[in-house]
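Before any comments, here is the structure.
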Amino acid sequence: MSIPDPNGHDVWASGTENNVNNNHSPWTKANQGIVQVDPEPVISSGVNSLSLGNGSSGNSLFGNDTNTGTSIFAEPNSETVEQSVWGEPVSRNDATADKGQLPTISDPLTRSLNIFNDDERNIGSSSSAFNNENSNPTESTSTNEDLSEWIKETRKLYNPLVADIVSIEEIPEREGLLFKHINYKLTLSADLPNTETSQSNNVIRRYSDFDWLQEVLLKRYPFRMIPELPPKKIRTSQNLDPTFLKKRQHGLYNFINLIMKHPILKEDDLVLTFLTVPTDLSTWRKQLNNRFDTVDEFQHKKITKEFINLWKPQLSVHLNSAAGTIDASIETWNKINIIIQRSQRRLQQKIHENSIMNNLLKDLQGETAIMYPIDIDEDNNKTVLDINNNLSIINQHLLDLNKLNDDGISKLSQELIPKFGLYIDILISLKNMFERYRIMATNNIPQLQRHIEIDMERLEGMKGKPDSSGVEYDRLRLSIKKDRASIVQQLNRSWLIRQCILYEFSLFQETQFLISNAFRDWVRLNSTSTELNMNALEKLTNLIDTMPVSNSL
Numbered sequence: 001m002s003i004p005d006p007n008g009h010d011v012w013a014s015g016t017e018n019n020v021n022n023n024h025s026p027w028t029k030a031n032q033g034i035v036q037v038d039p040e041p042v043i044s045s046g047v048n049s050l051s052l053g054n055g056s057s058g059n060s061l062f063g064n065d066t067n068t069g070t071s072i073f074a075e076p077n078s079e080t081v082e083q084s085v086w087g088e089p090v091s092r093n094d095a096t097a098d099k100g101q102l103p104t105i106s107d108p109l110t111r112s113l114n115i116f117n118d119d120e121r122n123i124g125s126s127s128s129a130f131n132n133e134n135s136n137p138t139e140s141t142s143t144n145e146d147l148s149e150w151i152k153e154t155r156k157l158y159n160p161l162v163a164d165i166v167s168i169e170e171i172p173e174r175e176g177l178l179f180k181h182i183n184y185k186l187t188l189s190a191d192l193p194n195t196e197t198s199q200s201n202n203v204i205r206r207y208s209d210f211d212w213l214q215e216v217l218l219k220r221y222p223f224r225m226i227p228e229l230p231p232k233k234i235r236t237s238q239n240l241d242p243t244f245l246k247k248r249q250h251g252l253y254n255f256i257n258l259i260m261k262h263p264i265l266k267e268d269d270l271v272l273t274f275l276t277v278p279t280d281l282s283t284w285r286k287q288l289n290n291r292f293d294t295v296d297e298f299q300h301k302k303i304t305k306e307f308i309n310l311w312k313p314q315l316s317v318h319l320n321s322a323a324g325t326i327d328a329s330i331e332t333w334n335k336i337n338i339i340i341q342r343s344q345r346r347l348q349q350k351i352h353e354n355s356i357m358n359n360l361l362k363d364l365q366g367e368t369a370i371m372y373p374i375d376i377d378e379d380n381n382k383t384v385l386d387i388n389n390n391l392s393i394i395n396q397h398l399l400d401l402n403k404l405n406d407d408g409i410s411k412l413s414q415e416l417i418p419k420f421g422l423y424i425d426i427l428i429s430l431k432n433m434f435e436r437y438r439i440m441a442t443n444n445i446p447q448l449q450r451h452i453e454i455d456m457e458r459l460e461g462m463k464g465k466p467d468s469s470g471v472e473y474d475r476l477r478l479s480i481k482k483d484r485a486s487i488v489q490q491l492n493r494s495w496l497i498r499q500c501i502l503y504e505f506s507l508f509q510e511t512q513f514l515i516s517n518a519f520r521d522w523v524r525l526n527s528t529s530t531e532l533n534m535n536a537l538e539k540l541t542n543l544i545d546t547m548p549v550s551n552s553l
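First residue of the sequence shown: 1, per the UniProt record's numbering; consecutive thereafter.
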């Protein structure tokens, strides 16, 4: 289990905890050099938490428990020992701390002490790696500039405003004997790396294929922003509703293009297969007997010491704030989207009203000639004709306005509304990522810790007893070693999850420009529409300026 870093330190091993407070380690050294169990270890955890700090009530998902609700990325107090994988390194200010005391195993990834020394003579004492520990434990601590550079380089990998490279078209012919299903033609506008694209550069997929792709991505990348799929169907009577089918097609379009913009997901082999294998995807899966790798991405990965040193307390504050605000943000954007859609419906209503007005004016022209007959007054011959001619001009203006409104509706539905909806899709994918963490990022560290304590007590009780079994002694030592190794592995996974979520949240920072882009287009569209309508009205005003308002004798 000892894996040295480039400096010769064991990045998997635990190290010393120098703390001005009493260094609450479950492994305290007795005067005789024998390890004793602290009766009040600080390691604790809830069902959805990994908290190794000075336990207070509450469920913490990414750090110490708090007394006020659920905190996803909570940090420990600066004066306490760092006991959480989501917290900051322990304070190193106490230079007089007992170097002989065994460290807590709560965060062994940031230390340079071996997990367990196989030499039975050294049970309860520090290993040689401990004696060789760097005298300046803060030497490798990264600065805020290092963190900023890491985030900046991560953000460069993602551009949500880049052009979409996958188009989706519904194939009119439905397949299936009893239950008809819809096929979609996916066309690539760019070549994919390390793939053999079909000659026609397109593939045929159905909704169930998209559903399968999302399922395997969630298994492989549970802590990344996997886009949501639109619903497959709603009430049976509306499953073939053209409006619903169009919305579902657009949802599938957003799903695959969001994946292809993600720097990690777009390079996944199953994603590339989905977009390039020309055969039916279900047939391809049957040929493989569904034997494709769906193990999550953390398998066989080890956290780097560089990332551990990068972590800063303010990151927990930002992540907690984002997780606590995301529901409100989604609600706000849904309301904005509703208002934008209402503007589209208002234009449709204007078109409808203008059409009605157009027909009414045509009727009015015929009725006017009857109501103001020429036989009664010869002057009516000129004035009524002028009035009807101007009514025809107004009619033509209404037709022109309807064309402008049709163009506005087209731009709203094809350009503006999708931009607001796309941002909502990204917010939902971020929210779902946090929710998956609440459910999936669990551990059994407290149980392992308690098991180790019991075994250590039994080991201590066996010392000095000649009738003690050597086999039992070795079994207990091996059990302790395995439990401590399991804790290290779980902590490593927790750090990898932490790194993954920070990576995703860093990518998410680039989506702020989607806000600018959407509202800039909204203002431009409204400005253009208003200007065109004003120009048309000014032109109409000039044309009907000579409309008779009196009988000129």
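Cβ coordinates follow ideal geometry from the N, Cα and C atoms, glycine included.
For clarity, every value in this text was computed on a predicted model and none was experimentally measured.
If the five residues before and after GLU306 are omitted, its C-beta is found closer than 8 angstroms to the C-beta atoms of SER142, all from its own chain and listed in chain order. Here the alpha carbons of ILE259 and LEU245 stand approximately 21 angstroms from one another. Separation of the CB atoms of LEU459 and SER486 is rounded to 18 angstroms, and the pair is thereby denied contact status at 8 angstroms. Here the C-alpha atom of LEU543 lies approximately 54 angstroms from the C-alpha atom of LYS232. Counting other Cβ atoms within 10 Å of its Cβ, MET534 stays below 16 and is therefore classed as exposed.
The stretch 145-153 and the stretch 298-316 touch, with no fewer than 3 CB-CB distances between them shorter than 8 angstroms. Using a Cβ distance threshold of 7 angstroms, VAL166 and ILE256 count as a contacting pair. In this model, ASN551 and ASN358 are separated by some 27 angstroms (Cα to Cα). Scanning ASP164, HIS262 and GLN214 for the CA closest to the CA of ARG155 turns up HIS262.
Under the criterion of beta carbons closer than 8 angstroms, ALA322 and PHE505 qualify as touching, at roughly 7 angstroms. Inclusion of MET456 and TYR473 in the CB contact set at 7 angstroms is not warranted, their separation being larger than that value. Using a Cβ distance threshold of 7 angstroms, ILE417 and ILE515 do not count as a contacting pair.
Within the DSSP bridge table, the entry for ILE171 names ASN183 as partners. By the Cβ-count criterion, ASP209 is buried, with 16 or more other Cβ atoms from all chains shown falling within 10 Å of its own Cβ. Fewer than three beta-carbon pairs drawn from the stretch 493-513 and the stretch 379-392 are found closer than 8 angstroms, and the two stretches are therefore not classed as touching. Note on geometry: alpha-carbon atoms of LEU507 and LEU157 lie some 8 angstroms from one another. Its chain contains PRO227, LEU422 and ASP425 as the residues whose beta carbon lies nearer than 7 angstroms to that of ASN254, once the 5 sequence neighbours on both sides are disregarded; these appear in chain order.
Contact fails between the stretch 181-194 and the stretch 338-353, because fewer than three Cβ pairs, one in each stretch, are under 8 angstroms apart.
Annotation: ASN320 to ARG206 spans about 38 angstroms, alpha carbon to alpha carbon. The residues ILE165, in chain order, have a CB closer than 8 angstroms to that of ALA190 in the same chain once the five nearest residues on each side in sequence are set aside.
Between the beta-carbon of LEU427 and that of SER329 there is about 6 angstroms, and that keeps the pair under the 8 angstroms contact cut. When DSSP states are grouped into helix, strand and coil, ASN337 belongs to the helix group.
Annotation for VAL203: the continuous beta strand (DSSP E) segment containing it runs 202-206.
In the DSSP annotation of this structure, TRP311 is not part of any alpha helix (DSSP H), being labelled neither H nor E. In the structure shown, VAL166 adopts extended strand secondary structure according to DSSP, grouped into three states. For ARG436, the enclosing alpha helix (DSSP H) starts and ends at 417-440. With 16 or more neighbouring CB atoms inside 10 Å of its own CB, GLN499 falls in the buried class.
Under the DSSP assignment, GLY464 falls outside any alpha helix (DSSP H); it carries neither an H nor an E label.
Taking one beta carbon from each stretch, the stretch 426-440 and the stretch 522-537 have fewer than 3 pairs nearer than 8 angstroms; the two do not touch. Every alpha helix (DSSP H) stretch that sits fully inside the stretch 257-302 and reaches 4 residues is listed by chain position as 269-276 and 281-287. GLN489: member of the alpha helix (DSSP H) spanning 470-508, first to last residue. The alpha-carbon separation between THR283 and LEU217 amounts to approximately 20 angstroms. About 5 angstroms separates the beta carbons of THR195 and THR276, which is inside the 8 angstroms limit, making them a contact pair. By the Cβ neighbour-count rule, GLU453 is buried, with 16 or more other Cβ atoms within 10 Å of its own.
Of the other Cβ atoms in all chains shown, fewer than 16 fall within 10 Å of the Cβ of ARG475; this residue is therefore exposed.
In the three-state reduction of the DSSP assignment, LEU188 falls in the strand class.
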